[in-house]
Every structure is written in C-alpha cells, then in structure tokens.
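Chemist: This is the structure I want to talk about, given as structure tokens.
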Amino acid sequence: MKITKVETFQVDWSGEGLPGGQDRPAGRKGPRSAFVRIETDDGLFGMGEASPMQGGLASLVIIAQDMAPALIGADPLDHAILLDTLMHKCIKLGPEGAMTGALAALDTALWDLKGKALGQPIYKLLGGAWRKQMPCYASIGGNAWRTVDEVLAVVERRVEKEKPAAVKIRWDGDRTRQDVDIAGDIRKAAAVRKLLGDDFVLGFDANNGYSIGGAMRVGRALEDLGYTWFEEPVQHYHISAMGEVAQRLDITVSAGEQTYTLQGLKDLINAGVRMVQPDITKMGGITGLMQCAAIAHAHGVELVPHQTQPSLGHLANLHVLSTLIHLSKPVELADGWERAGAIFENPSEPKNGLFTVPDAPGLGAVFDQSELQRRSVPISI
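Mapping of the sequence shown onto the UniProt record's numbering: residues 1 to 381, in sequence order.
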C-alpha cells in the first residue's frame, strides 16, 4: 500500500445555497474547517482535520507545499517515521502553531486510513474502549458581551436542548484587555448557579481575561459558588502565572488548549496546573493526544481535551477518550455543533446528553459526498 495523493481543502460552514462559498458577497468568508485527505493505490482514503484558526489556511498550505510531496509513494503504515521526519523537516516553521496543526491533521488521516485498511475502528487499534458512550458538557461562548438575562437565556436553551452533564460558560472577550468587568463576570456566574441549582456541574472559561490579581478574585468567588473548574484565567503564554493561580486557588485551574507540544504540556503541569486541555487538532492528532494522556496519567492530573470542532476532530477525540481508564469530565460540545451535520450521513451528535463512539473502520465517518463537495474550497499554492 502506497500513498498516491494528499489533498488539502477547507469546508465552508456558511448558510444554505453557497456552493463552495462562491456566491457569497466579494471579500466575505464564513467559518471554515481545515481538512486533509490521503489516498492510496488500493483505493482507500483517510481524512484528518487541522486547527481551524483563520480557517486553518496556514496549516493547509504547509501540508500542500512542504509535507505532501514527501508522502507520495510512502507506506502509510510507516506512520510515526513519516510524521517525525516531517516535523524535523519543517521545524523552523514551529514547533508550535500552524506546523503542529498540519501534523495533527496528517496524523488523524493516517489513523483513519490504517483503521480502514485493517477493518477496525480506531479505538480498537488504540487498545479498546472502556466505554462506548460518554456524556457531553455544553460549552457556551460569547458571555462577555451579554447581559445577565441574555446569559441565562442561552444557558437555559442549551441545557433544555442538549441535556448536558455539565455547563461551561465562556467569555471570549477582548484578549488585549484584562480585568474588564470582574464584578459583572461574578454576577453572571452567580446567576447561572442560581438558574441550574447547587448540584449542577459548572465550569468557567475566562479565555485568558484576567491579571493574576483579577483571577484570584474571580476564582475565590467561583469557589464560593461551587464551580468545578476555572479555565485559562490568565494569558496562556504566562505559564508561571497560570501555575501561581492554580496553586493558590482550591478550585481546579485548567489550561492547555493553546499548547502545541508535549514539552509545553509538561511545563504547564510542572507549574501546578491540575487539569490539562490539549486539542487534538493542534496537539499531534490522535498520536499526540494519546501521548498527552500518558503524561497526564503519570503526573496524576486530569486530561479534559479542548474540542470545538464538530466533525473529524470531534470523532478523533471520541476515539481517544473512549480508551482512557480514568475519564473525569464530560466531552466538550461547543457552540454551533449542528453545522457539521450537513456533510455526514451519520453525524455525531449527542442523544440524551451522550455521545456514542462509531464502530465502523477508521474514524467511522460516512460522508454525504455531494454535500462535502459542494462545501469544499480547494487550497491552491
């Protein structure tokens, strides 16, 4: 079996009637995901997804220009050697950011291909699933711009619709400013607690919005309100500051969605962070997330991956999480997850608050090929 083609493209999640996004007004682009497809000489293919920041365009260009030529003619079962070679070939582009996202997409595509070649779902190739169903938590963004009543309305709507095991309210504020409205943030957190009751599991994602002092003030309030975790209270690149907040608060402080390497994850843990949240579309794909799981297990910290992509990244995430013996938190279900349903014949969506891991070979994705083609935007270099 040899690789014959590596194709990179975006998937346009805009409204109906937009074939490839081409009839959108000039200069405007809707949300897009970054996909890669690897084909072999025996007719099999594997699909992967890169981090979608700015549509994942940088990662896709790196794949198309710098990585794909080295994969043509290679045996896809030489998976680890191929990706380690590409990482060191392109190391001066990273090792963090777009290059790591590119490797994550290729890694997932190669696992998908391997599962199809062997006729097995990925979780079987990883050693088997401890569980085939996992509860979701509703990750609700945009609350920096909402009033208290607006926050409550969207939380109530999501809980009623999705039946999640937990809710995380996210701020998504202006990252160039800190401590903008601490008192208002605490009021919103208190209102959500009152709405959902004392026993409902709640998380608070500050999206890097506070100084150390601001984070301490909000964190103490969250402790009093019975919140379970406090996500990225300070800027992610201030690892020592993140660790200081984590060590001074009783509430579990989490971080890591903007961490791209195992070394970076290790640094967060050594700083004192007790819950790490790497993203499979950034952190080396399936192979990288399994390595993160081993590091987290060895240090006795929780692994709760960040996952806002409702399609291939989400499926890959489910396969990995199903294999973990100690899964301490539900699986993230972010805003706008319905958008991916159009391209799948078997969209992965929560049923009564539960995700089910697919049993079909590879990732288990079955595509509506005509819809996927309609929404595809090729990458030319």
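No residue lacks a Cβ here, since even glycine has one placed at the ideal position from N, Cα and C.
Ordered along the chain, which non-local residues of its own chain (more than five positions away) have a Cβ less than 6 Å from that of I269?
Modeler: H299, V301
Chemist: Please name the residue in D279, V155, I343, D250 whose C-alpha comes closest to that of R374.
Modeler: I343
Chemist: Can you tell me which of the three DSSP states L134 falls into?
Modeler: Strictly speaking, residue 134 in this sequence is Met, with Leu absent from that position. It is a strand residue.
Chemist: I need the straight-line Cα distance from D112 to G128, nearest angstrom please.
Modeler: If you draw a straight line from the Cα of D112 to the Cα of G128, it comes to about 16 Å.
Chemist: On the DSSP letters alone, give me the boundaries of the alpha helix (DSSP H) that R193 sits inside.
Modeler: 182-196
Chemist: Helix, strand or coil for E162 per DSSP?
Modeler: helix
Chemist: Mark Y123 as exposed unless 16 or more other C-beta atoms lie within 10 angstroms of its C-beta, in which case mark it buried.
Modeler: Around the C-beta of Y123, 16 or more other C-beta atoms lie within 10 Å, and the residue is accordingly described as buried.
Chemist: If we call anything under 9 Å between Cβ atoms a contact, is M47 one with A365?
Modeler: yes
Chemist: Is L225 near L249, with beta carbons less than 9 Å apart?
Modeler: No, the pair does not count as a contact, with Cβ atoms beyond the cut-off.
Chemist: Compute the Euclidean distance between the alpha carbons of Q291 and G142, then round it to the nearest angstrom.
Modeler: When rounded, the distance between both Cα atoms is 32 Å.
Chemist: Compute the Euclidean distance between the alpha carbons of G264 and A255, then round it to the nearest angstrom.
Modeler: 11 Å
Chemist: Tell me the DSSP secondary structure of E349 in three-state form.
Modeler: E349 falls in the coil class under three-state DSSP.
Chemist: Indicate whether the contact test is met: 3 or more Cβ pairs, each with one atom in the stretch 351-367 and one in the stretch 152-161, closer than 8 Å.
Modeler: no
Chemist: Could you tell me which residues DSSP puts in a beta bridge with E7?
Modeler: R37
Chemist: T40 to G119, Cα distance in whole Å?
Modeler: 15 Å
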